[in-house]
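**Q** Chains P and W are the protein sequences, given in the same order.
So the mapping is simple: my numbering equals the position in the first sequence, first residue as 1, plus 112.
So the mapping is simple: my numbering equals the position in the second sequence, first residue as 1, plus 112.
C-beta atoms are modelled at their ideal positions from N, C-alpha and C, and glycine is treated no differently.
Remember, it's a predicted structure, so these values are computed and weren't measured experimentally.
Protein chains: 2
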Amino acid sequence: MSEVVVVKFGGTSVKSIGRIQHVCEILSRLSKTNKVMAVISAMGDTTDYLLKLAKQCSAQPDKRELDSLLSTGEQISIALVAMTLRESGVKAKSLTGSQVGIFTETFHTRARIIDIKTESIDKAFAENDVLIVAGFQGVTDAGEITTLGRGGSDTTAVALAAAVKATECDIYTDVDGIYTADPNKIHNARLLKRISYGEVLEMARLGAQVLHPRSVELARQYGIKLRVRNTFKPEHAGTVIDGGGDMELFRTISGVAVDEDQASVAIMDVPDQPGIAGKVTQALADQNIPIDMIMQSFHPTIGHNSIAFTVSDSDLDQTIVILNALKEQLSAKEVLADPDSAKVSLIGAGLTGQPWIAARLFSTLGQNGINIKMITSSEMKITCVVARSQAHKASELIHAAFELHNEPGKTAGAQN
Amino acid sequence: MSEVVVVKFGGTSVKSIGRIQHVCEILSRLSKTNKVMAVISAMGDTTDYLLKLAKQCSAQPDKRELDSLLSTGEQISIALVAMTLRESGVKAKSLTGSQVGIFTETFHTRARIIDIKTESIDKAFAENDVLIVAGFQGVTDAGEITTLGRGGSDTTAVALAAAVKATECDIYTDVDGIYTADPNKIHNARLLKRISYGEVLEMARLGAQVLHPRSVELARQYGIKLRVRNTFKPEHAGTVIDGGGDMELFRTISGVAVDEDQASVAIMDVPDQPGIAGKVTQALADQNIPIDMIMQSFHPTIGHNSIAFTVSDSDLDQTIVILNALKEQLSAKEVLADPDSAKVSLIGAGLTGQPWIAARLFSTLGQNGINIKMITSSEMKITCVVARSQAHKASELIHAAFELHNEPGKTAGAQN
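Below you can see the structure in the form of structure tokens.
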């Protein structure tokens, strides 16, 4: 049997019956040569609508119930896609996360996939050419419905590709691929033909939001080549994401990413004792709140530390509650929060080996009156936290300063 | 442990978040003295909305996919009810048909319950006071999602009551109980305090639509006392449905029911050979189309039969397709359909033993110019098919002629 083609369509690709019919044309065409497994998100704003209903019922909806509620979004879209395909004579069947055999841990709203049992996939393919799988959801051993968190549909697609031993996975979305910057904000942002897992991972984590980081990590782990492409221009090649090969030879900087969904938090004046940072991060980890850019500063003259970090804006309220509960235990003076933050990052392979890059980045922002609140850097990115209102201006300035609109090799910034 | 209280709330009782909160107040109150099992329908018009989406995808949506689609309606409502209860501190948990252990046959869109495995119920009650169960749905041994057909939530409630050995089941709805006629149409329709399974069964089949007939059959089989009551007047006693006891002693006629969702179909001039009626009914049974009031008339002079029967209006298109396919095989002359039909029925215990009842019924209609197209009668009902436009006028005339607005024993019509 030829390889199973694994594809994923996001919520905007299925937001109306007309768009579902368009997606079904693509699937029908693919099914003429291969068995097809299509992972589908909830239609358009369904998930947000269901979340709104939940919030009307409870300020902090029970997470188990929330998962059961939200999983209906994908169950609706896969049934509609499957019946549309069957109407046109394609042998298709929908499978919920539970039915397809995606087993997860019990951590509701952010569960991780533990195992995919492929028996039901094999059985369903024996009688069908296209399997329509609900993204974003799984089931525990005890039969509880779980969800994988935002962007979980990408993870579902890559995990299924690995499970059926596919070597590629196409992510259909509403953009042409991955750009050097947000093309809605930077008019001359350039579409990348190819990018490495590592670079796109840094971009995704920082809010480029084309692909969920977990899905990219999983693709790297299993060596699955991802292709981000436009549902409405299926003839376009999009952007390929793979191991990278020789691309670093001719290109240093792949793009600028902005993450507006950020808040900075600081715990001020904690006595300088071992274990403080551990207690803070553990308390947040217990509630599964991811933190980023943690930094600790020591004031030797007064013997006090301050700990600062960033969290997702949506986690800020809960973070403040947790930290205020810890405050007394830590003998901290106060908890400060700055919700109006954004991260602006420069992404590329081997940035740290080239000091001119950081220098040009910081001086570009400084010369234009943009204050940098926090900085971190790694092999593949340099991130600055700035005021949210200045984030897009900052990304525009950086995109121009590094001439990212030009094809690699032609950039005047390539001093090395 | 005291008996589990089993209650069911229909779609109008949970059609908004405000109404869900009201339902949760009732459930919270009940949970103070008993373990509670609440079966919930989909919110308001959700099922109709999902059906409309399906119809846009496919003229005849695949039934397996339709079940998966429609079952989301209840999954949404139970999650919202459970999170509302938890918000107010009640230990509550939602369970889908699959999670609660309602196993059905594989016949999609009209599956019958085969078994209820109570292990998950016992386990869930060990940690919760209120279980919120999705009505209308079940699961096959193979893990396929099924639905029980319209009105299936009543059936879910009664089947669960039997499974947990409850002796009563309260059906909360948007009316005060069961009346002698439709109170929206007949201004002096009277609320019945008590009615037997048999009588309400005849009423429900004929479109009184307060309770689904399968749920009443199941309640009779397991001796479960049903109570139909108003969600918005929980202090009212409603109507009790049970074995009936001595009620026949003082009351003959319990009410008038109208079923507007009817179509008459006739196959004309079939040769008088054995097996024709069998072939027709088998062909319809194969598609699970229930038929009613079947009658065969023989014209000895021409050696031809005609077969007439009624079907649900929603089954008419499919019925005509099936009969036209059979026409040649049966050497029938033509297939006639009359969609604008309605059934008007008089319900009571032991009607056939009292010929004055039929006489008064037919002459009431005749004297008022209402043409009777078909008649059937049984121990508990006399049914007339009339033009749909005359159905309510007919029921009004009958209600008045038998003085059903008066308390039993006071009616001038009680000649026996």
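Quick check on Lys-493(P): buried or exposed, where buried means 16 or more other Cβ atoms within 10 Å of its Cβ?
**A** Under this definition Lys-493(P) is a buried residue.
**Q** According to DSSP, is Leu-361(P) part of a helix, a strand, or is it coil?
**A** Only weak support exists for where Leu-361(P) lies, its pLDDT of 43 falling under 50; the coordinates are left without a value.
**Q** Please report how far the alpha carbon of Ala-444(W) lies from the alpha carbon of Lys-144(P), in whole angstroms.
**A** When rounded, the distance between both Cα atoms is 43 Å.
**Q** Determine the closest residue to Val-212(P) out of Asp-288(P), Ala-275(P) and Ser-490(P), with distance taken between C-alpha atoms.
**A** Nearest option by C-alpha distance: Ala-275(P).
**Q** Which residues mark the beginning and the end of the alpha helix (DSSP H) in which Glu-177(P) is found?
**A** From DSSP, the alpha helix (DSSP H) with Glu-177(P) extends over 175-199.
**Q** Let's see if you can read the secondary structure: which residues bound the alpha helix (DSSP H) around Pro-467(P)?
**A** 467-479 is the extent of the alpha helix (DSSP H) around Pro-467(P).
**Q** Mind checking if Thr-252(P) is an interface residue toward chain W, Cβ cutoff 8 Å exclusive?
**A** It does not: the Cβ of Thr-252(P) has no partner Cβ on chain W nearer than 8 Å.
**Q** Does the region 378-390 of chain W touch the region 337-349 of chain W, meaning 3 or more C-beta pairs lie closer than 8 Å?
**A** They do not touch, by the three-pair rule.
**Q** Strictly under 8 Å for the Cβ-Cβ distance: is Gly-460(W) near chain P by that measure?
**A** For Gly-460(W), the answer is no, since every Cβ of chain P falls outside 8 Å of its Cβ.
**Q** Check this for me: beta carbons of Leu-139(P) and Leu-197(P), under 8 Å apart or not?
**A** Yes, the Cβ-Cβ distance between Leu-139(P) and Leu-197(P) is below 8 Å.
**Q** My assumption, with CB atoms under 8 Å, is that Ile-298(W) sits in contact with Ser-507(W). Please give the rounded CB distance.
**A** At roughly 7 Å, the Cβ-Cβ gap stays under 8 Å, so Ile-298(W) and Ser-507(W) are in contact.
**Q** Rounded to a whole number of angstroms, what is the C-alpha to C-alpha distance between Gly-263(P) and Lys-175(P)?
**A** Their Cα atoms are separated by approximately 17 Å.
**Q** List the residues of chain W whose Cβ lies closer than 8 Å to the Cβ of Thr-166(P), in chain order.
**A** At residue 166(P) the sequence reads Ala, which differs from the Thr that was named. Result: Ala-191, Leu-192 and Met-195.
**Q** Run through chain P and tell me which residues come within less than 7 Å of Gln-211(W), C-beta to C-beta.
**A** In chain order: Gly-255.
**Q** Is the Cβ of Thr-184(P) closer than 8 Å to any Cβ of chain W?
**A** For Thr-184(P), the answer is yes, since a Cβ of chain W falls inside 8 Å of its Cβ.
**Q** At a cut of 8 Å, does the region 497-512 of chain P reach the region 469-482 of chain P through at least three beta carbon pairs?
**A** The region 497-512 of chain P vs the region 469-482 of chain P: in contact.
**Q** So that I know if they touch, is there some Cβ in chain P lying closer than 8 Å to that of Arg-198(W)?
**A** Yes, because at least one Cβ of chain P sits closer than 8 Å to the Cβ of Arg-198(W).
**Q** Can you tell me where the alpha helix (DSSP H) with Tyr-334(W) in it begins and where it stops?
**A** Element bounds for Tyr-334(W): 325-334.
**Q** Return no unless some Cβ of chain P is closer than 8 Å to the Cβ of Ile-228(W).
**A** Output row for Ile-228(W): interface = no.
**Q** Who are the neighbours of Ser-206(P) on chain W, taking C-beta pairs under 7 Å?
**A** Neighbours of Ser-206(P) on chain W, chain order: Glu-177 and Ser-180.
**Q** Would Asp-371(P) and Lys-455(P) be called neighbours here (beta carbons separated by less than 8 Å)?
**A** Yes, Cβ-Cβ distance for Asp-371(P) and Lys-455(P) is below 8 Å.
**Q** Determine whether the beta carbon atoms of Ala-420(W) and Ser-376(W) lie at a separation below 8 Å.
**A** Cβ atoms of Ala-420(W) and Ser-376(W): closer than 8 Å.
**Q** Have a look at Ile-434(W) and Ile-244(P) and give me their C-alpha separation to the nearest angstrom.
**A** Between Ile-434(W) and Ile-244(P), the C-alpha separation is close to 32 Å.
**Q** Nearest by alpha-carbon distance to Ala-395(P): which of Asn-436(P), Gly-289(P), Asp-425(P) and Pro-325(P) is it?
**A** Of Asn-436(P), Gly-289(P), Asp-425(P) and Pro-325(P), the residue nearest in Cα terms is Asn-436(P).
**Q** Inspect the beta-carbon positions of Thr-285(P) and Thr-343(P) and report whether they are closer than 8 Å.
**A** Against a cut-off of 8 Å, the Cβ pair of Thr-343(P) and Thr-285(P) comes out as a contact.
**Q** Check the Cβ of Ile-188(P) against every Cβ in chain W and list those closer than 8 Å, keeping chain order.
**A** Within chain W, the residues near Ile-188(P) are Leu-162, Leu-165, Leu-181 and Thr-184.
**Q** Could you check where the beta strand (DSSP E) with Val-119(P) kicks off and where it finishes?
**A** It spans 117-121 - the beta strand (DSSP E) in which Val-119(P) sits, taken as one unbroken run.
**Q** Ala-171(P) versus chain W: which residues are under 9 Å apart at the beta carbon?
**A** Those within 9 Å of Ala-171(P) in chain W are Glu-199.
**Q** Note down the Cα distance separating Thr-351(W) from Lys-305(W), rounded to an integer number of angstroms.
**A** Each residue's alpha carbon lies about 5 Å from the other.
**Q** Flag this pair as touching only if the region 120-138 of chain W and the region 147-165 of chain W have three or more C-beta atom pairs under 8 Å; answer yes or no.
**A** Touching, per the Cβ criterion.
**Q** In the structure shown, what three-state DSSP assignment does Thr-495(P) receive?
**A** If DSSP states are grouped into helix, strand and coil, Thr-495(P) belongs with the strands.
**Q** Please report the Cβ distance between Val-322(P) and Ile-290(P), rounded to the nearest whole angstrom; I am assuming they are in contact, meaning their Cβ atoms lie under 8 Å.
**A** About 6 Å; that satisfies the 8 Å criterion.
**Q** Please report whether the beta-carbon of Asp-234(W) lies at a distance below 8 Å from any beta-carbon of chain P.
**A** So, not an interface residue.
**Q** Any beta carbon from chain W within less than 8 Å of Asp-174(P)'s own beta carbon?
**A** For Asp-174(P), the answer is yes, since a Cβ of chain W falls inside 8 Å of its Cβ.
**Q** On the premise that Gly-209(W) lies in contact with Gly-250(W), defined as a C-beta separation below 8 Å, what is that separation, rounded to the nearest angstrom?
**A** About 4 Å; that satisfies the 8 Å criterion.
**Q** Measuring alpha carbon to alpha carbon, tell me which residue in Arg-472(W), Ala-191(W) and Thr-431(W) is nearest Phe-514(W).
**A** Cα-wise, what sits closest to Phe-514(W) is Arg-472(W).
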